[in-house]
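Taking mature numbering (1 follows the signal peptide of the UniProt record, and there is no 0), I'd label the letters of the sequence shown as residues -20 to -1, 1 to 250.
Here a beta-carbon is modelled for each residue, glycine too, at the ideal position from N, C-alpha and C.
Values in this document were obtained by computation on a predicted structure and should not be read as measured data.
Reviewing the structure listed below.
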Amino acid sequence: MAARKHWVVLLTLLTAACTAEHGGTPFPAPGTSSSPSVAGEPSTKVRAVVDGRTVELADGTRARVSLLAEPTPCGAAAAREFATATLLDKEVRVTSITPGEVSLTLPDGTDYALIAVRTGMLRTAGADGGPLTEAESKAAQAKLGLWAQDCPTSTTPEPPPPAAPSCVVVYRVTSQWPGSFQGEVTVRNVSDALVDGWTLRWRFAGGQTVAQMWNATASQQGADVTVVNAPYTALIVAGGSVSIGFNGSVSGPNPAPAEFTLNGAPCTAG
């Protein structure tokens, strides 16, 4: 029994010595890590800036930046210029907050909403304390951006800016041979509304003519082409698209049409 007690005391002394030798910190357990890795979020590009708090992403999605108030009338132009310089064609990480609202993070990890408020370009909306509220308070005290402007209290309201196109049209020639070619036209609905029945129009600039079309019906007067949906392609959901194809004739250069309209509204040529 006395020998066993001596062994216990000896083991205790050895353990204490090892711990002291490493600064009092015990060895970590095998297989553990003190800093687990965090997977990076996917990024995308901002392809258009609508206003200081509304952008269009690379896939055509239009979203409003969460917790930012609508730009004031006299500060809207400056806010849009700031957003364009900060976001246009830049890589951003997107986090969805609520339907139609997102948080944008710049490559250096900065939150766009925070720098927009910190520089006085935009005010907060719905922020209850935290960094945004603190940034707004400091911008107001320092009279930065819109806080330094003397906005008139009564002015003749400015006409609203023209609405951004609600459709994107991608036109491409898929194959071509002497005197003829085959084309494909994709119409994407980038609005929030359902398109139920549509008429697409464009004008050829190279004397082309449409000979045969599928997924829609075409008619042509001179250079002007009018395309009406087929019964099974009438619906284009918000964020959805429809494609039509056609065979055409051409005797010289075969340039793509420069402008398109969908139900009378201009579309962006993709």
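Asked: Assigned secondary structure, Gln129 (DSSP; H/G/I helix, E/B strand, else coil); Found: coil
Asked: Helix, strand or coil at Val230 [DSSP, three-state]; Found: coil
Asked: Length-filtered (3 minimum) beta strand (DSSP E) runs lying within the segment 48 to 104; Found: 71 to 78, 81 to 85
Asked: Exposure of Glu116, with buried meaning 16 or more beta-carbon neighbours within 10 Å; Found: buried
Asked: Residues sharing a beta bridge with Gly159, DSSP; Found: Looking at the DSSP assignment, Gly159 forms no beta bridge with any residue, so it has no partner.
Asked: Segments of 3+ residues assigned as beta strand (DSSP E) that fall wholly inside the segment 145 to 224; Found: 147 to 157, 160 to 169, 179 to 183, 189 to 194, 196 to 201, 204 to 209
Asked: The segment 179 to 191 touching the segment 110 to 127, judged by at least three CB pairs closer than 8 Å; Found: no
Asked: Among Val82, Ser155, Val72, Lys25, the one whose alpha carbon lies nearest that of Asn234; Found: Ser155
Asked: Exposure label - Tyr92; buried when at least 16 CB within 10 Å; Found: buried
Asked: Buried or exposed by the 16-neighbour rule on C-beta atoms within 10 Å, applied to Asp31; Found: buried
Asked: With 16 other Cβ atoms within 10 Å as the buried cut-off, status of Pro145; Found: buried
Asked: Anticipated Cβ contact below 8 Å, Thr113 with Ala107, distance rounded; Found: 5 Å
Asked: Thr34 - partner residues in DSSP beta bridges; Found: Asp31, Arg44
Asked: Backbone CA spacing between Val148 and Ala119 [nearest angstrom]; Found: 39 Å
Asked: DSSP beta-bridge partners of residue 251; Found: Residue numbering for the chain in the displayed model covers -20 to 250; residue 251 lies beyond these limits and cannot be assessed.
Asked: Within 8 Å, strictly: CB atoms of Gly225 and Gly163; Found: yes
Asked: Where Pro6 falls: helix, strand or coil (DSSP); Found: Its pLDDT being 43, under 50, Pro6 is placed unreliably in this model, and the coordinates cannot settle the point.
Asked: Inter-stretch contact at 8 Å, needing at least 3 Cβ pairs: the segment 161 to 175 / the segment 239 to 248; Found: yes
Asked: Val45 versus Val150, Val153, Arg60, Gly55, residue with shortest Cα-Cα distance; Found: Arg60
Asked: Residue range of the unbroken beta strand (DSSP E) whose run includes Leu112; Found: Per DSSP, Leu112 belongs to no beta strand (DSSP E); it is in the alpha helix (DSSP H), 110 to 122.
Asked: Reference Leu102, options Pro141, Glu50, Leu67, closest by Cα; Found: Glu50
Asked: Extent of the continuous beta strand (DSSP E) to which Pro246 belongs; Found: 245 to 249
Asked: Of the listed residues Asp204, Val222, Ala218, nearest to Tyr212 (C-alpha basis); Found: Val222
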